[in-house]
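A.B. asks:
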Amino acid sequence: MSRTLAWCTLPLLLLQCLGLEPSMVLAWVTVALVLVSSFKLLEARRPLDLRLVALLQLIAVGLLAAQSPGLLASLLQMLSAVMALASLLAVDVVGVSGIRELLMRSLQLLAAALPLALILFLLLPRIGPLWNSDLAGSARARTGLSPDLDPLSIAELVRSDDPAARLSLGADRDPPEDAYWRVMVHSHVDGTRWQRRSSARSDRLPSQTQFGSNPVGQQWWTVEPTFSKAVPWDGRSRPASPDLQLGRSGELLLQQPPAQQRVYRLQDLDDPLPWQLQPPSAVDLELPRGRQPRLEALAASWRDRPTDRARLAAAEAWFRQQPFTYSLQPGAGRSGTLDEFLFESQVGFCGHYASAFSVLMRASGVPSRVVSGYRGGRLVRPLSGSPYLDIRQSDAHAWNEVWLEGQGWSRVDPTTWVQRIDASARLWSERSDQSFSAPWWRWLQWQWWGLDLAWTQWWLGWNQVGQQGLLQRLLAWAGDWTGLIVLLGAGASVAIGLLILRWLRRAAAADPLQRSLRLLSRLGIEPLPGETFPQLCRRATSLQPDVADLLDGMAQQQQLLAHARLPRSEQRQCSRRWRQLRAALARRLQVMHQ
Numbered sequence: 014m015s016r017t018l019a020w021c022t023l024p025l026l027l028l029q030c031l032g033l034e035p036s037m038v039l040a041w042v043t044v045a046l047v048l049v050s051s052f053k054l055l056e057a058r059r060p061l062d063l064r065l066v067a068l069l070q071l072i073a074v075g076l077l078a079a080q081s082p083g084l085l086a087s088l089l090q091m092l093s094a095v096m097a098l099a100s101l102l103a104v105d106v107v108g109v110s111g112i113r114e115l116l117m118r119s120l121q122l123l124a125a126a127l128p129l130a131l132i133l134f135l136l137l138p139r140i141g142p143l144w145n146s147d148l149a150g151s152a153r154a155r156t157g158l159s160p161d162l163d164p165l166s167i168a169e170l171v172r173s174d175d176p177a178a179r180l181s182l183g184a185d186r187d188p189p190e191d192a193y194w195r196v197m198v199h200s201h202v203d204g205t206r207w208q209r210r211s212s213a214r215s216d217r218l219p220s221q222t223q224f225g226s227n228p229v230g231q232q233w234w235t236v237e238p239t240f241s242k243a244v245p246w247d248g249r250s251r252p253a254s255p256d257l258q259l260g261r262s263g264e265l266l267l268q269q270p271p272a273q274q275r276v277y278r279l280q281d282l283d284d285p286l287p288w289q290l291q292p293p294s295a296v297d298l299e300l301p302r303g304r305q306p307r308l309e310a311l312a313a314s315w316r317d318r319p320t321d322r323a324r325l326a327a328a329e330a331w332f333r334q335q336p337f338t339y340s341l342q343p344g345a346g347r348s349g350t351l352d353e354f355l356f357e358s359q360v361g362f363c364g365h366y367a368s369a370f371s372v373l374m375r376a377s378g379v380p381s382r383v384v385s386g387y388r389g390g391r392l393v394r395p396l397s398g399s400p401y402l403d404i405r406q407s408d409a410h411a412w413n414e415v416w417l418e419g420q421g422w423s424r425v426d427p428t429t430w431v432q433r434i435d436a437s438a439r440l441w442s443e444r445s446d447q448s449f450s451a452p453w454w455r456w457l458q459w460q461w462w463g464l465d466l467a468w469t470q471w472w473l474g475w476n477q478v479g480q481q482g483l484l485q486r487l488l489a490w491a492g493d494w495t496g497l498i499v500l501l502g503a504g505a506s507v508a509i510g511l512l513i514l515r516w517l518r519r520a521a522a523a524d525p526l527q528r529s530l531r532l533l534s535r536l537g538i539e540p541l542p543g544e545t546f547p548q549l550c551r552r553a554t555s556l557q558p559d560v561a562d563l564l565d566g567m568a569q570q571q572q573l574l575a576h577a578r579l580p581r582s583e584q585r586q587c588s589r590r591w592r593q594l595r596a597a598l599a600r601r602l603q604v605m606h607q
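Position in the sequence shown (from 1) plus 13 gives the number in this note's numbering.
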C-alpha cells in the first residue's frame with residue numbers, strides 16, 4: 014500500500030512542478046527532489062526505502078508551498094501531503110489495512126497538527142527571501158510590461174488575456190471612473206523607444222516624507238509575478254506595507270521583483286502626493302534633435318503660446334482635427350519614425366499616441382514623460398468576500414504626464430482624443446467582452462477568483478506589520494499582567510498537551526485492533542513492518558493451529574469493518590462478534606498456559 018500511495022502522490026507533485034518559476038533556484042531544488050524520490054521509488058525493495066520516499070515527498074510538498082501560494086496550488090499541496098503521510102503510515106503503523114483507513118489516519122494527524130501550525134504562522138517572525146531571483150529571461154516575465162517601451166510593445170501585450178493584478182476596494186466602494194493604474198515611468202527617449210529612469214535609491218522619496226491627510230480608505234493589491242520591482246497603483250495612495258517605497262517619478266517599488274504572487278496594501282488619500290510635486294529635470298526635456306523635422310516644426314509653432322497650458326491645448330486641438338485611427342495592427346511603416354506616424358499613416362495604438370505626444374510637448378518646451386500601466390478592469394462581485402477589480406494584461410495602456418506650474422505632474426491621455434477605431438481593435442474588444450460568454454461558466458469563474466483572492470490575501474498579506482499589530486493588541490489588553498498571563502498560557506498549553514496525549518493513549522488502548530495485537534503478543538507473535546492484520550493472523554495460525562478458528566474469525570471481522578461499507582447495525586454486530594472472538598481467544602490462551 015505504501016508503494017501504491019507513493020505512486021499516486023508522484024503525479025500530483027510533478028503537476029505542481031510545472032507551475033514553478035524556472036529562474037528560481039528553489040524551483041530547481043524542488044524538481045530535483047521530486048525526481049530523486051521517483052527514482053528511489055523505482056528501486057525501492059525494503060520498507061526503509063519506502064519510508065525514505067515518503068519523507069522526500071513530504072519535504073517536496075513543503076518546498077512547493079513556499080513557492081506557490083494560490084488556492085488551487087494549496088489544495089493540491091494538501092492532497093499531496095495527505096497521500097504522502099498515508100504512505101509513511103503504511104510503512105510504520107502495523108495492523109492497518111486498506112488505503113481508506115490510512116488516509117483517514119493521515120487526515121487525523123494533519124488536523125491534530127493544524128492548531129500548532131496556525132500559531133506558528135501567526136506568531137513566528139516573518140523574514141524576507143534568502144535569495145534573489147532574476148526573472149528577466151523567464152517566460153512568465155515576458156507577459157508583463159517592459160522597461161523599454163516602443164509603440165508596438167503595448168499592442169502585443171493587449172492580445173494576452175493573462176492576469177496582471179486584482180484590486181480589493183472593500184464592500185462599500187466602487188472603483189474610480191478614471192481607473193488608471195500606473196506602473197512604470199519612461200523618461201529617456203532615443204527617437205521612438207522610451208526607457209525607464211534609474212530605480213536607484215537616490216531616485217526614491219525618503220521614507221520620512223510627509224503624506225498629508227489621514228487615510229480615507231484602503232486598497233489590497235494582489236499582483237502576478239513579474240521581472241520588475243514596479244507594481245500597479247493609482248498614484249494617489251500611501252504605501253502601507255513595509256516592503257513598499259515610492260520613487261520620485263511616481264513609481265511604486267518593491268524591495269525585490271515578485272517571483273510569485275504578491276500582496277500589498279495602500280491607504281487612500283485626498284491630497285496630492287509628494288511625487289506629483291517633484292520638479293522636472295533636464296531628462297524630462299531631453300530630445301534627439303533633427304530626427305523628426307516635421308514634428309519639430311509643428312512643435313515650434315506652439316512655442317509662442319504664453320503658457321504651458323496653452324501649448325497643451327494647442328496639441329489637443331491639433332490631434333482632434335487630424336483623421337487619426339486607433340488600431341491594434343498599425344504596421345511598422347517604411348521608416349518607423351514619428352514623422353511618418355503623425356503626418357502619413359496616422360494609424361496607431363496607445364503607444365504611438367503617447368510617444369508622439371510626449372515628443373511634441375518636449376519639442377515645444379513642456380516637460381513630459383510616458384507612463385505605462387493598465388486602464389480599467391472588470392469589476393467582479395463574488396459571493397465570498399468583497400468585490401474586486403480583475404485587471405488583465407489586455408488592459409495594458411500607455412499615457413502621458415506633463416509638468417504644469419502650480420499643479421505639478423498631470424495626466425494626459427492623447428488616445429482618448431482619437432475618434433476612429435478600426436475593425437481589428439473593435440473585434441478584439443468584442444472577443445474580450447464575450448470570452449466565457451456562458452453565464453453559468455462566467456459565474457463559476459468569478460466565484461473561484463473570489464475564493465482564490467481571499468485565500469491569497471490572507472496567506473501572503475500576513476506580514477511583520479500584521480504580526481506587530483496582533484502582538485500590540487494582545488499586550489495592550491494584558492497590561493501589567495503580561496508575565497502572569499504568559500506563564501498561565503504556557504502552563505495551560507503543557508496541561509492540554511498532556512491531556513491530549515493521555516486521551517490518545519486511552520483511545521489506542523481501547524482500539525479493538527490494538528487489543529487484538531496485544532493479545533497476539535502473548536503468543537510471542539509481533540507484527541512485522543507493513544504486515545496487515547489478516548497476514549499476521551495467518552502467520553499466527555501456522556504457529557498456533559489450535560486457535561486457527563478464532564484467528565480466522567477475528568481477521569474476517571477486521572476486514573469487514575475496515576473495507577466493507579456496512580450499515581451501522583451490521584458494524585455493531587461485527588464489533589460485537591470481534592469482541593467475543595477476542596474474549597474466547599483470551600480464555601483459550603489462559604487455559605493453554607495453565
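Glycine included, C-beta positions come from ideal geometry on N, C-alpha and C.
Apply the 10 Å Cβ neighbour rule to Asp-191 and answer buried if 16 or more other Cβ atoms are within range, or exposed otherwise.
C.D. replies: exposed
A.B. asks: By DSSP, does Thr-22 sit in helix, in strand, or in coil?
C.D. replies: helix
A.B. asks: Would Ala-312 pass as a contact of Leu-355 if the rule is Cβ separation under 8 Å?
C.D. replies: no
A.B. asks: Put Pro-8 into one of helix, strand or coil per three-state DSSP.
C.D. replies: In this structure the chain extends from 14 to 607, so residue 8 is not present and cannot be described.
A.B. asks: Check this for me: beta carbons of Ile-167 and Gly-364, under 8 Å apart or not?
C.D. replies: yes
A.B. asks: Tell me whether Leu-440 is buried or exposed, calling it buried when 16 or more other Cβ atoms sit within 10 Å of its Cβ.
C.D. replies: Unreliable placement is indicated for Leu-440, whose pLDDT of 44 sits below 50; the coordinate value is still reported in the next sentence. Counting Cβ neighbours within 10 Å, Leu-440 comes out exposed, since fewer than 16 surround it.
A.B. asks: What does a CB cutoff of less than 8 Å around Pro-189 pick up in its chain, not counting 5 residues either side in sequence?
C.D. replies: Result list for Pro-189: Asp-247, in chain order.
A.B. asks: Could you check the C-alpha separation between Gln-603 and Arg-578 for me, to the nearest Å?
C.D. replies: CA-CA distance, Gln-603 to Arg-578, rounds to 35 Å.
A.B. asks: Kindly indicate the opening and closing residues of the beta strand (DSSP E) around Trp-412.
C.D. replies: 409-417
A.B. asks: Figure out for me which residue from Gly-204, Val-393, Gly-349, Gln-232 has the closest Cα to the Cα of Glu-299.
C.D. replies: Gly-204
A.B. asks: In the DSSP output, which residue or residues are listed as bridge partners for Asp-403?
C.D. replies: Listed as beta-bridge partners of Asp-403 by DSSP are Arg-179, Arg-391.
A.B. asks: According to DSSP, is Ala-436 helix, strand or coil?
C.D. replies: Because Ala-436 sits at a pLDDT of 46, beneath the cut-off of 50, its placement in the model cannot be relied upon, and the following sentence gives the value as read from the coordinates. In this structure, Ala-436 counts as helix in the three-state DSSP scheme.
A.B. asks: Near Leu-532, which residues of its chain fall below 8 Å by C-beta distance, leaving aside the five closest residues on each side in sequence?
C.D. replies: Arg-595, Leu-598, Ala-599, Leu-602
A.B. asks: Are there 16 or more other CB atoms within 10 angstroms of the CB of Glu-357, so buried, or fewer, so exposed?
C.D. replies: exposed
A.B. asks: Comparing C-alpha positions only, which one of Gly-349, Phe-362, Leu-325, Leu-351 sits nearest to Gln-342?
C.D. replies: Phe-362
A.B. asks: Three Cβ pairs or more, each shorter than 8 Å: is that satisfied between the region 409-422 and the region 376-394?
C.D. replies: Output reads yes: the region 376-394 touches the region 409-422.
A.B. asks: Any idea what DSSP makes of Ser-200, helix, strand or coil?
C.D. replies: strand
A.B. asks: Helix, strand or coil for Ala-86? Go by DSSP, reduced to three states.
C.D. replies: helix
A.B. asks: Since Leu-18 and Ala-73 are thought to touch, with beta carbons under 8 Å apart, how far apart are those beta carbons, to the nearest angstrom?
C.D. replies: About 15 Å; that fails the 8 Å criterion.
A.B. asks: I'd like the span of the beta strand (DSSP E) that includes Asp-281, first residue to last.
C.D. replies: From DSSP, the beta strand (DSSP E) with Asp-281 extends over 275-281.
A.B. asks: Measure the C-alpha to C-alpha separation of Glu-114 and Met-14 and round it to an integer number of angstroms.
C.D. replies: 11 Å
A.B. asks: Under the DSSP definition of a beta bridge, which residues are partnered with Trp-194?
C.D. replies: Tyr-387
A.B. asks: Do you know whose CA, among Ser-241, Ala-369, Pro-558, lies nearest Arg-307's CA?
C.D. replies: Ala-369
A.B. asks: In whole angstroms, what is the alpha-carbon distance linking Gln-458 and Val-202?
C.D. replies: 42 Å
A.B. asks: Using only alpha-carbon positions, find the residue among Met-567, Gly-463, Thr-545 that is nearest to Ala-178.
C.D. replies: Ranked by Cα distance from Ala-178, the options Met-567, Gly-463, Thr-545 are led by Gly-463.
A.B. asks: Could you tell me if Ser-314 is buried or exposed, where buried requires 16 or more neighbouring beta carbons within 10 angstroms of its beta carbon?
C.D. replies: exposed
A.B. asks: Taking the DSSP output, what are the residues bridged to Arg-551?
C.D. replies: The partner list for Arg-551 (beta bridge, DSSP) is empty, contrary to what the question assumes.
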